[in-house]
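Enquirer: Here's a structure for you.
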Amino acid sequence: MLWQKYYDHMNALKAAKMQGIESAGSVVCSLTATKRIQRARVSMDTHDADANCDGPDLDFVYADVDGYQNEIAELYSYTEFSEFQMNVKAFEDQMELYDLPPNWQKQDAAAQRGIVMKLVDQLEVSDRTFRMQAARCILYLAQGCWAEVQSDEEQHQITRDNVLVLHQLGVFASFIDLLNMEIESACSPDIVAVKITNVTLVDSTDIRVILSVLYIITETIRDERERGSEDYKELADSFVQEINSPLPDGELLAVKLLGMITRFCSGAAPQFPMKKVVLLLWKVSLLGLGGMDVLRNLKNEYRLKVGLEPITEDTLEVTKCMRASSPPATATDILENQYPRKNFKRSLMKQRFLDEPEQIDMEMGGNEGQGNANNGSGNGGNGEEELSQYYRPYDDPSSSASTTSTANPNNQPSLTQPPAAVPPVQITARLPWTPKVRQKDIDQFLDISRNKFIGYSLIGDHESLAGLPQPIHEGFKTLQRHMYMSLADVQIKKEEDIARNPISTHEDEIKLTPAEVLYQAILPSLPQYMIALLKVLLAASPTSKSKTESINIMADVLPKKMPLTATQSTKLTVDMGRHKEIIVKAVSAIILLYLKHFKINHVYQFEFMSQHLVFANCIPLVLKFFNQTITEYVNTKNSIPLLDFPSCVIGEQPDLSGDSFVYGGEMSDKPYSWRNVFSCINLLRILNKLIKWKHSRVMMLVVFKSAPILKKTLKVRHAMMQLYVLKLLKMQTKYLGRQWRKSNMKTMSAIYAKVRHRLNDDWAFGNDLESRPWDFQAEECTLRACVDRFNLRRYPEATQKCGNNGTAAQNAENAQQSNMMSGNNGCGNNGEANGYGNNGGGGNGGHNQQQQQQLNDYGVEGGFPSDEILTHSDFAFFGHSGWWDRKVELTDYFKANYAVWLEEEVYNSQTDWDAL
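For the sequence shown, the numbering used here begins at 31 and goes up steadily by one.
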């Protein structure tokens, strides 16, 4: 309404100015209108001079994974090239031992199965050399017997057939046993003491062979399952059940891999190849839990069970119809393009543009559309023209391209025909999202209306409209028509009912879904797992500085002998950059996958993981990642296609001269790196999930000065990435001040056009009742109490273990609160020491204030045990039924003096029951 009034007022002023009114008062009004129009049009009367904004939108299609060939190629580093020949040599020696010709394709099916069975038996021998020779033979088979083929397609088909045989004969389980042996031997104190100072590629040779076999089997089954292969259907179902079930030692495979990451970050096993570990963890979790399609189906299934309507709008599908916006011009752009001096000062204050005039001209019909915009025409029929700047007819690249290009969307040469032209589709002038409103917002609307017109409020009444005027009735009906009840709201209400009436409220049986099984398995050590993942992510971030204390994620890249020639140095440099990018891609995908599945399974599982990510300073870490020239990161291609597997071993290999490196970097038909765009979107989605509806965390975005960092990310011309950036900017707009909003009106317009509307969300102004800073700490403490109460009731043993192991997480929480209390100036200096924030003064004081505030909320003020005896998680359950089930160990001193305590504290104590 306010925006509409403002635009109507401006149109009236413009009309009055054009009519040439002669009266003195009208002249003053006309002059005022002229000044306002000039100020409002500063950003419209300039040319589009940002050279970085030229070009079409990125044709990146967000998916669970990249193409199969690229995912397999990213498993190997370029420095592992020499080990491929070792696999062939092991296979030939083994065939000679069996008196068989060293050619796998000449063997019939029965002979092939017999060879695999012999190799599986050989994996159980005590001689390490003999055992690893069999492991290398199996790796060669899983790699598709590339020495016997002439094309990539033939190698892929042999891999597909061999993986089917390998899994049927129990190779996967045998390699899990080998992995356990390697973990035990690698973590022995003697080996760690020898290797901790100088770890290279040689130190992880055997464990890389094991992880490679496990990864190839997992990724091949996942790809075939996604393709819907009939011969893999039964195998894929049994394999998913296998990885979602505990191993013989009682651990899930995902938990075992998370434990490897934790040991690596603690320095107990510095030789672990982190890239292969996180890649295997990602694919195991993706196959066991399910990707985007599974998440969408599960969400609708769970909503129908609790009586809610299914979701009809999917973010991934809606963003395909959005047009990427051009970013605003910066001061540097203005200087480079030599704007006139008289407009220079004002141009620094106002945003230039967010939508590219070239594209608007092309789609609005040449210069006519731009001319109307420059003339300030106020016609009401320009709605479709304005919205067409943000939306486009949906043309799915995956359906228009061939199967080859769909399976190979990253950095590989494409020889397919260009897609056929699609006739233009009429664009309707409407917003892409259906507006939503929460029940909380409707209640707030009713309370304000009742206090204004009647003078009293009805607590707990969500429907009564007695005494309210007719416009309030209509507004209430509009809000109810757009009310959205999320699955999380239903789950939270259920938990509140159980906490209020623990005996009479019936709790449904816990269904052992894959997400539930995983959560129960990682709950005891979840804080350590989150910290370890973030440490690896920080070490792989391009903005992190190398330190002597930081973990060495390059242990499985650096060769034993450093390069001597310029070509070798260039190859190693590219390999190290590629290595970091792959790790960021895998870790970001793991965290996002866990957050999404836990949120659907139960919102408090999601909140528990989210809180520990926040306590470990995930928010400033992600902001630190984006505090770089993000367009260069997206466009950087740290890859040499001639060295990617299987191209590096099939056919005649060219000499890698300087020209070959240049040619290899430009072979791709994509102007971007798939994995880098994928990583950026994942990190933005993680940030959105951590911050949404959490005002204390929104304030962290403001404290760390994230707005300039996020605005730079808008330079990437991809609609989905820009949508998540605009969401983050929308959350903090009300806290950034009026001057920021005036200087960034184009960003505000893009938020209005692209982000979903909440009907009575006052995001563009600072009038929100929930923006009071003194409630932020209480909000986080209340959430922590609800999450701990939920965990203690459903998983009492695992929660107690988590409490005993939670010292590191508690310290991280104190550090995070300390940063908030001291007002850290941006994220540039945050997260430098050991990957996390500075433990500044005031953190413990803020934590004690939170505890005292929560105790006061429970009605407990004096005579309560000290912090050393009663921890944060303990007093969260005070008064809950689960509290009485806890076992308390009484000291011998207390038992000896029990009668004295009983006399003083019970019999002689006067209790005011009314006050209690």
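Beta carbons are placed, not taken as given, at the ideal position from N, Cα and C, and that holds for glycine.
Leaving aside the five residues before and after valine 179 along the sequence, list all residues of the same chain whose C-beta is less than 7 Å from its C-beta, in chain order.
Expert: Hits under 7 Å: Gln185, Ile188 and Ile680.
Enquirer: In terms of residues, what are the limits of the alpha helix (DSSP H) holding glycine 144?
Expert: From DSSP, the alpha helix (DSSP H) with glycine 144 extends over 139-152.
Enquirer: Buried or exposed for alanine 141, going by 16 or more other Cβ atoms inside 10 Å?
Expert: Looking at its Cβ environment, which holds fewer than 16 other Cβ atoms inside 10 Å, alanine 141 is exposed.
Enquirer: Are the C-beta of asparagine 133 and some C-beta of chain B separated by less than 7 Å?
Expert: The structure shown has no chain B; it contains just one protein chain.
Enquirer: Which first and last residues belong to the alpha helix (DSSP H) in which proline 557 is found?
Expert: Start and end: 556-570.
Enquirer: In three-state terms, what does DSSP make of valine 587?
Expert: Valine 587: coil per DSSP, three-state reduction.
Enquirer: Expressed to the nearest angstrom, what Euclidean distance is found between the alpha-carbon atoms of cysteine 217 and glutamate 154?
Expert: Their backbone Cα atoms lie some 21 Å apart in a straight line.
Enquirer: Report the rounded CA-to-CA distance for alanine 120 versus alanine 164, giving the unit in angstroms.
Expert: Roughly 8 Å between the two C-alpha positions.
Enquirer: For methionine 513, which residues does DSSP report across the bridge?
Expert: Methionine 513 pairs with Val467.
Enquirer: Are there 16 or more other CB atoms within 10 angstroms of the CB of methionine 147, so buried, or fewer, so exposed?
Expert: Counting Cβ neighbours within 10 Å, methionine 147 comes out exposed, since fewer than 16 surround it.
Enquirer: Apart from the five residues just before and just after glycine 646, which ones in its own chain have a Cβ nearer than 6 Å to its Cβ?
Expert: Here residue 646 is alanine; the residue named in the question, glycine, does not match the sequence. Excluding sequence neighbours, alanine 646 sits near Met560, Ile561, Leu564 and Ala842.
Enquirer: Please classify arginine 353: does DSSP put it in a helix, a strand, or coil?
Expert: If DSSP states are grouped into helix, strand and coil, arginine 353 belongs with coil.
Enquirer: Can you tell me which of Met290, Gln521, Thr345 and Val314 puts its alpha carbon nearest to the alpha carbon of tyrosine 624?
Expert: Nearest C-alpha to tyrosine 624: Val314.
Enquirer: By a C-beta neighbour count over all protein chains shown, 10 Å radius and 16 as the cutoff for buried, is serine 275 buried or exposed?
Expert: With fewer than 16 Cβ atoms within 10 Å of its Cβ, serine 275 is classed as exposed.
Enquirer: What distance in whole Å lies between the Cβ atoms of valine 467 and leucine 789, which are believed to be in contact at a cut-off of 8 Å?
Expert: 5 Å between Cβ atoms; contact.
Enquirer: What's the C-alpha gap between serine 107 and valine 587?
Expert: Rounded to the nearest angstrom, the two C-alpha atoms are 6 Å apart.
Enquirer: Going by the DSSP bridge assignment, what does arginine 788 pair with across the sheet?
Expert: For arginine 788, which the question treats as bridged, DSSP gives the partners Lys466.
Enquirer: Evaluate proline 532 with the Cβ neighbour count: other Cβ atoms within 10 Å of its Cβ, from every protein chain shown; 16 or more gives buried, anything less gives exposed.
Expert: Exposed, by the Cβ-count rule.
Enquirer: Just to confirm, does serine 315 get its C-beta within under 6 Å of one of the non-hydrogen atoms of the ligand COA?
Expert: As presented, the structure is devoid of all ligands, the ligand COA included, so that no description of it is given.
Enquirer: Exposed or buried, threonine 777, counting other C-beta atoms within 10 Å across all chains shown (16 or more means buried)?
Expert: Per the 10 Å Cβ criterion, buried.
Enquirer: Determine the contact status of isoleucine 721 and isoleucine 621, defining contact as a CB-CB distance below 7 Å.
Expert: The answer is no: Cβ separation not under 7 Å.
Enquirer: Classify aspartate 151 as buried or exposed, calling it buried when 16 or more other Cβ atoms lie within 10 Å of its own Cβ.
Expert: Counting Cβ neighbours within 10 Å, aspartate 151 comes out exposed, since fewer than 16 surround it.
Enquirer: If isoleucine 540 sits next to glutamate 546, beta carbons under 8 Å apart, how far is it from one beta carbon to the other, in whole angstroms?
Expert: Yes, isoleucine 540 and glutamate 546 are in contact; Cβ-Cβ is about 7 Å, under 8 Å.
Enquirer: Alpha helix (DSSP H) containing cysteine 648: first to last residue?
Expert: Here the alpha helix (DSSP H) through cysteine 648 covers 648-656.
Enquirer: Given that a residue counts as buried once 16 or more other Cβ atoms are within 10 Å of its Cβ, and exposed if not, what is asparagine 927?
Expert: Result: exposed.
Enquirer: When the Cα atoms are used, what is the spatial distance from leucine 488 to lysine 784?
Expert: So the two alpha carbons sit approximately 37 Å from each other.
Enquirer: Per DSSP, what kind of secondary structure is asparagine 855 in: helix, strand or coil?
Expert: Confidence at asparagine 855 is low in this model, with a pLDDT of 40, below 50, so the placement of that residue is unreliable and no value is reported for it.
Enquirer: With a Cβ-Cβ cutoff of 7 Å, do isoleucine 240 and leucine 208 count as a contact?
Expert: Yes, the Cβ-Cβ distance between isoleucine 240 and leucine 208 is below 7 Å.
Enquirer: Apart from the five residues just before and just after valine 817, which ones in its own chain have a Cβ nearer than 6 Å to its Cβ?
Expert: Around valine 817: Tyr634, Glu637 and Phe638.
Enquirer: By the DSSP assignment, the alpha helix (DSSP H) with cysteine 710 in it spans what residues?
Expert: Start and end: 704-721.
Enquirer: Do you know how far the Cα of alanine 266 is from the Cα of proline 544?
Expert: Using only the alpha carbons, I get a separation of about 15 Å.
Enquirer: Mind checking which residues open and close the alpha helix (DSSP H) that includes arginine 255?
Expert: It spans 235-257 - the alpha helix (DSSP H) in which arginine 255 sits, taken as one unbroken run.
Enquirer: Between the Cα of methionine 513 and the Cα atoms of Thr464, Trp931, Ala172 and Ala139, which residue gives the shortest distance?
Expert: Here the closest residue by C-alpha is Thr464.
Enquirer: Suppose the cutoff is 6 Å on Cβ atoms and the five residues either side in sequence are ignored; what does the same chain contact list for lysine 831 look like?
Expert: Excluding residues within five positions, the ones whose Cβ falls inside 6 Å are Pro554.
Enquirer: Could you check what DSSP says for tryptophan 134 in three-state terms: helix, strand or coil?
Expert: Helix, per DSSP.
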